[in-house]
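Trainee: Chains as they are written, first to last, in the working numbering: chain Y, -11 to 742; chain H, 317 to 531.
Positions of the beta carbon are idealized from the N, C-alpha and C atoms, including for glycine.
Mind looking over this structure? Questions follow.
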Amino acid sequence: MAKKEHWENTTDPHLLYTEEAQAETSTTQAAPTPEKKPDYKIIGKPTARIDGPKIVTGKAPFIDDIKLRGMLVGKILRSPHPHAEIVSIDLSKAKSLRGVKAVIGLDSEKAQYIGNRVAAVVAVDEQTAQQALKLIEVMYKPLPYVVSVEKSREEGAPQVHEAKPNVENIRDEKRGDVELGFKEADVVLERTYKTAIEIHHPAETHGSIAKWEGDQLIVWDSTQGIHSVRDGLARSLEIPAGHVTVIKRYMGGGFGSKLGLNAHTVIAAMLAKQTGKPVKIMLTRKENALCVGNRPTSLQTYRGGVKKDGTLVALTLTNYTTGGINRGDRCSEPLLDVYRCPNLHVKEYTVYTNLGGSRATRAPGHVQGTFGLEGFLDELANEIGMDPLELRKKNYTTKNRGDTGFPYSSKGLDKCYELGAETIGWHRRNKTPGEGQGKIRQGLGMASQIWWGAGVPGTLADVKLYPDGSVDVICGTQDIGCGTRTHMAVVTAEALGLEPNDITVKLGNSDYPYAPSSGGSQTTPSVAPAVRDASLKAVDHLKELAAKKFKVSAHDILYKDKNFTDRNNPENTIAFGELAKDLRRETVFHGERKGMPDGFAYNTFGAHFVEVEVDTETGQIKVLKVVAAHDSGQIINTKTAESQVIGGVTQGVSTALFEQRIVDATTGTLVNPNWRDYKIATSMDIPEIIPIFVDVDDPRINILGTKGLGEPPRIPIAAAIGNAVYNAIGVQVREIPMTPDKVLKALKPKEVSS
Amino acid sequence: MGTNQNKQGKSFTRRDFLKGFGGGAIGVAVVPKILAQETASMETKKGKIPVYAKKQVTLTVNGEKYSLVVEPRETLLDVLRENLNLTGTKKTCNQGECGGCTVLLDGEPVYSCLYLAIRADGKDIRTVEGLAEKENLHPVQQAFIDTDAYQCGFCAPGFIMSTVGFLETHRNSPPMMNLDLEEIKKALSGNICRCGNYDHIYKAVSEAAKKMGRS
C-alpha cells in the first residue's frame, strides 16, 4: 500500500507559489554578468506557435487520446458524506463482476468531505468500471460536520481536523505603530470585502496513465509539474526517484490545480502494478469540481487612515479565509508590499470546513487581496475627494515592503499607470463616483498589480547540435498552454541565427534536465535564460570550430546570416550547415539559469484600466473595455504574451461577475458541479481587451531580463471592474462575483437616502 | 451567459442547441423509432430498464464510409473517439455545456456528446481531422495559428468546427468580408475556452472569413 501522507503534495498551496518564489530572491549565488540588451531579431516579436499545426488538426495527444495496448480503465469511489467514519468496505461483489480486474480499498478510515476517495476499481472499460463502483458496499458512520465558515468559527462547532482547531492564525505581521498612525489621519474608514470560492475547471479534466516496465514506472500525466509528480510518486510508492518517468505531452489547462501529485495518479500506478497492465484514470467534470482544488474565500476587513493630501498613514486588515479541509490563502501580500504606509497590522485566519480542499489558483491570495485593497483605496480616495490614480501615485514606492525593504530590481508600474490612463482616456471618468444620470451608467476604474515571477535559479536546459546541422533544445519543463515550446525555440533560434521552426523542442519528460513546476509565473523566466545560456555556448563552440578551420582566433569569427566569417579575411567563410559537419558527433551544451544578486526585490507589476456600463434597473454589469498594462520585463513572444493577458483578463471578468461554487449549507452538497450551473464567462461577455507591455530593463534578474506573465493579468482585473462600477453608480459593491442582486442591493440604500 | 436571442436564422448558440435537443423531444418521439428492438430488461435500483440490442450503422466520416455495430447508448463522441480513433474531438464536459466535442453533421454543428451514434446513421460527419487536405490547412485552421487563437489547445477543435460550420453555411449572408463582431460572438457562444482566449478567436474567425470570402 502506498504511503498515504505523500499521496497529494498539494496540501499547502503557498508552498509551490509564494514561499518558493520568495526564496528565490534571497539566493546567494553570484550575479550574472548583465548582457547588454542586444538587438533581437526574434525575441520580443510575434512568433506563431510551433505546435500550431498539431493542435488545429486534432493530432496533439492529450491524456485521454493516448491508447496503450491492453490498457484498463480505473475509477474511484467517493464519499457521499461530508464527514463519516468508514466502518467497513466490502469489495467482493464488485470483484466478481465480469470485466473487473481489481478492486482496492484506499486505506481511509475517515471521509472528511463529499468526494473523499474511498475505494477504486479497474476494469476493461469505463462502463464496467462505473458499474463496479456501484457494487462496492461501504458502511459509513456519519459524524457531525460543518460546511459553513460562520458556523465553523462558532464555539463548539464540529472539529474538522482532529489535530488542529477550526480557526488558525496564518499571518500576524506589523510595522510601525498603527494607533499612532490613525491619530495622524484626517479620515479613517472601515470596510469589509468578500470573495467567493472559484473552481479551476481546466478544459481537460485531471487524468493519468500508469504503466510498469519491470520495476520502472512510466506515467503520462496532465500536469503542471513533471518533476514534482515524479518525486511524489517515488515517495508514495517507496521506490527510487530514478525508477519513475513522468511524461506530459499536451495538457488542457491547470491554473494551479495540476501543480503537484494527485491521488488518482498513485492509484493508477497501484492498479497497474496489481494487474500488470497499463491503467488510465480520467476524472469526470464533477470530480474536478469536488476533489482537485478551488480558490479559497476571503472576508477582508480593512481599516485605513489617510491624510487630506492622500498620504496613507495607517492600514489594518483582518481576514478570514477558507479552503475547506485545506488551508485558505494569505491575501495580504499586496497590502504589505506595494504602497508606502509606515503603520500597518495584518491578521489572517484560516477556517476549516468539511468541504473539498483548496489548491493554488492562478495568483493565490493576490486575486482576493487585490480586490479588497484596491477597492478600499478607491473608497479612501473618494472620502478625501482625490483622483484614485493620484492616491496610488502619492504612495508610490521604489523599495518593497512599503518602501521599507529592498529596492526593486526593476519597477515599471509608473509607466503602466501612464500608458494605461492615456489609452483608456482616464480624464473621461466621473469626477465624483455616480454623478452620471439615467438608467444605464458608465464608469472608469483602475487597480494595480504586484506578483513575484522572477524564475528559479538552477533551472537547466541543453542544446544539442548534430553534424547534419539539426538542433535540439531539451528541458524538463512543460508547456501548459503558455507557449513554452515556442519560447524555447525562439530563444535557441535567436542565438543560433536560425528560425524557430528549425529547432526541435524536447520537453515534458522528467528524465530531461530539471525545470520547476509551471506555477507562480516562473516557467519562462526560469527556462528561457537557461536555454539562452546553452545556446550561446553552442555558438561559441561553433566559432571555435570555424577559427580552427581558418587558423585564426575565435574572437575574429563573426556569425551572421548563418555564416561564420573571419572578420579580417571575409573570403574565409563557412555556412552553419557545413561547419556542423566538423562536430563529427552530436554535441551537447549545458545551460543554467543563474542566481540573482542579493539585496534586491524581484517582482512583476501592472495596472488595469476598465470601462463598464451598469444597468441600474437590472443590476447587470457590462465590461466594455480593458486596458491591461504590464511590466514583465523582456517579452519573449508578443503573440503568446498577448494571449496570456487576454486570458487572464477574461478569467478575471468571469471571477468578477459570475464564478462561485455553491454549496448547500445544510448537507454540504455541491449544487453546481458542472459547467452549466457554475457560470463561466463566454463569448458574449468579453470586453475589448488592449494588452500593453511596458519596456523596462532589468539587468540583474537574468540574462534575458525576462519576468513572468502567468498570474499578473489575473490579479487586478476584478478590483478594476469593481472600481469602475463604483465610479459608475457611486456605491462600492464589496463582494465578488458582482451578480445583479448584489449590485441592486448596493444601490438600494443610496436610492433611499437621496 | 451568452444567451442573446439569435435572429440570423441558422447561426448557432448554446441555448438554441439546448432547446433543440433537451427536454423530452428525443425521449418520447425519436428514440423508439431509431432504436433497435428491445431485447431484454435489467433490474436496477430505480426499477426495470430496457436493454436494447446493438445496431449496425453507416457513418460517412471525413469522406470515408464506415459500417459499425454500436450500442444504442453510445454517443457519436464515444464512437468517433473509441471506435474510429478520431481523438481530435474532445470530451470536455460530456453533457452539452461547452462545445468541446462539436462536429459537423450534414454541415451543421452539433455537440457529439449529446448525439447518439445510432441517430447519426446515414449522415455525413466532419471532424477536425477532416479539414486539412494533406499539408494544406483549412483557412480556419490557419487563422487559428496565425492569430494565436488558443492556449492549452483543448477547446480548439470544437471552436474550429463551430467556426467552419458558421462560415460555410454563411458564405454570403452576412457578407463574409465584413462580418460583424456581434455576429461572430453569437456564432461562438456555444463553446467555452477556459483559458479565455476569445479575443484572439474572434480575430481568427474574422481572418478566416476574409480568406474564404475571397475564394
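With DSSP run on the structure shown, which of helix, strand or coil describes proline 473 of chain H?
Mentor: helix
Trainee: Please classify glutamine 288 of chain Y: does DSSP put it in a helix, a strand, or coil?
Mentor: strand
Trainee: In three-state terms, what does DSSP make of histidine 475 of chain Y?
Mentor: helix
Trainee: Is aspartate 496 of chain H helix, strand or coil when you go by DSSP?
Mentor: Look at aspartate 496 of chain H here: in three-state DSSP terms it is coil, with no helix or strand label.
Trainee: Please report the distance separating the alpha-carbon of alanine 222 of chain Y from that of leucine 400 of chain H.
Mentor: 36 Å
Trainee: Chain Y partners of serine 505 of chain H, CB-CB under 7 Å?
Mentor: Thr670, Ser671, Met672
Trainee: Whole angstroms is fine: what's the gap from proline 388 of chain H's alpha carbon to glycine 424 of chain Y's?
Mentor: 60 Å
Trainee: Quick check on the DSSP output: what are the complete alpha helix (DSSP H) runs of length 4 or more inside the stretch 526 to 614 of chain Y, in order along the chain?
Mentor: The qualifying runs are 564 to 568.
Trainee: Chain Y partners of threonine 479 of chain H, CB-CB under 8 Å?
Mentor: Per Cβ cutoff of 8 Å: no residues; threonine 479 of chain H is ~11 Å from chain Y at best.
Trainee: Just the Cα atoms here: how many angstroms apart are lysine 736 of chain Y and lysine 98 of chain Y?
Mentor: So the two alpha carbons sit approximately 47 Å from each other.
Trainee: Does chain Y have any CB closer than 8 Å to the CB of glycine 469 of chain H?
Mentor: yes
Trainee: Checking contacts by CB at 8 Å: is histidine 194 of chain Y closer than that to chain B?
Mentor: In the displayed structure, chain B is absent; the protein chains listed are Y and H.
Trainee: Look at the Cβ atom of arginine 555 of chain Y, then the Cβ atom of leucine 567 of chain Y, and state whether they are nearer than 8 Å.
Mentor: no
Trainee: Taking only the alpha-carbon atoms, compute the straight-line gap between glycine 336 of chain H and isoleucine 434 of chain H and give it to the nearest angstrom.
Mentor: Reliability fails at glycine 336 of chain H, whose pLDDT of 39 lies under 50, so the model's placement of it is uncertain and no value is given.
Trainee: If you draw a straight line from the alpha carbon of glycine 508 of chain Y to that of glycine 441 of chain Y, how long is it in whole angstroms?
Mentor: 6 Å
Trainee: Output the residue ranges of the alpha helix (DSSP H) runs that lie fully inside the stretch 172 to 227 of chain Y and measure 4 residues or longer, sorted by chain position.
Mentor: 214 to 225
Trainee: Can you find a C-beta in chain H that's less than 8 Å from the C-beta of valine 44 of chain Y?
Mentor: yes
Trainee: What distance in whole Å lies between the Cβ atoms of arginine 86 of chain Y and serine 96 of chain Y, which are believed to be in contact at a cut-off of 8 Å?
Mentor: Contact doesn't hold; Cβ gap of about 28 Å is too wide.
Trainee: Contact criterion: CB-CB distance below 8 Å. Does phenylalanine 50 of chain Y meet it with respect to chain H?
Mentor: yes
Trainee: By how many angstroms is the C-alpha of cysteine 429 of chain H removed from the C-alpha of asparagine 410 of chain H?
Mentor: 5 Å
Trainee: Please list the partners that tryptophan 663 of chain Y has in chain H, where partner means a Cβ-to-Cβ separation under 7 Å.
Mentor: Cys409, Glu413, Cys414, Ile508
Trainee: Assuming histidine 354 of chain Y is part of the alpha helix (DSSP H), what are its boundary residues?
Mentor: 354 to 371
Trainee: Taking the straight line between their C-alpha atoms, what separation do you get for glycine 464 of chain Y and tyrosine 502 of chain Y?
Mentor: 5 Å
Trainee: Within a Cβ cutoff of 7 Å, which residues of the same chain sit near glutamate 487 of chain Y, ignoring the five residues on either side of it in sequence?
Mentor: Within the same chain, glutamate 487 of chain Y has close Cβ partners Ala481.
Trainee: Assuming cysteine 404 of chain Y contacts alanine 595 of chain Y (C-beta within less than 8 Å), just tell me the rounded distance between them.
Mentor: 4 Å
Trainee: Going by C-alpha distance, which of Y:Ser136, Y:Ala477, Y:Asn560 is nearest asparagine 744 of chain Y?
Mentor: Because residue 744 of chain Y is not part of the residues shown, which for chain Y are -11 to 742, the question remains open.
Trainee: Could you tell me the alpha carbon to alpha carbon distance between glutamate 747 of chain Y and alanine 348 of chain Y, rounded to whole angstroms?
Mentor: Past the boundaries of the shown model lies residue 747 of chain Y; chain Y is included only from -11 to 742, so the question cannot be answered.
Trainee: Taking Cβ positions only, does alanine 522 of chain Y come closer than 8 Å to chain H?
Mentor: Closer than 8 Å: no.
Trainee: Would you verify that the beta carbon of glutamate 380 of chain H is, or is not, closer than 8 Å to some beta carbon of chain Y?
Mentor: Not a single CB atom of chain Y sits nearer than 8 Å to the CB of glutamate 380 of chain H.
Trainee: Contact check, glutamate 362 of chain Y vs alanine 707 of chain Y under 8 Å by CB: the rounded distance?
Mentor: Yes, they are in contact, since the Cβ atoms of glutamate 362 of chain Y and alanine 707 of chain Y sit about 4 Å apart, within 8 Å.
Trainee: In angstroms, rounded to a whole number, what distance separates the CA positions of methionine 374 of chain Y and cysteine 509 of chain H?
Mentor: Spanning the two alpha carbons is a distance of roughly 39 Å.
Trainee: For glycine 32 of chain Y, report the span of its alpha helix (DSSP H) as first-last.
Mentor: First-last for glycine 32 of chain Y: undefined, no H or E at that position.
Trainee: Quick one: does tyrosine 514 of chain H have its CB under 8 Å from some CB of chain Y?
Mentor: Contact with chain Y is found for tyrosine 514 of chain H, since one of that chain's Cβ atoms lies less than 8 Å from the residue's Cβ.
Trainee: Can you tell me which residues form a DSSP beta bridge with histidine 830 of chain Y?
Mentor: This structure leaves residue 830 of chain Y out entirely; chain Y is present only between -11 and 742.
Trainee: Alanine 524 of chain H CB to nearest chain Y CB: under 8 Å?
Mentor: no
Trainee: Measuring only between beta-carbons, confirm whether isoleucine 441 of chain H sits less than 8 Å from chain Y.
Mentor: no
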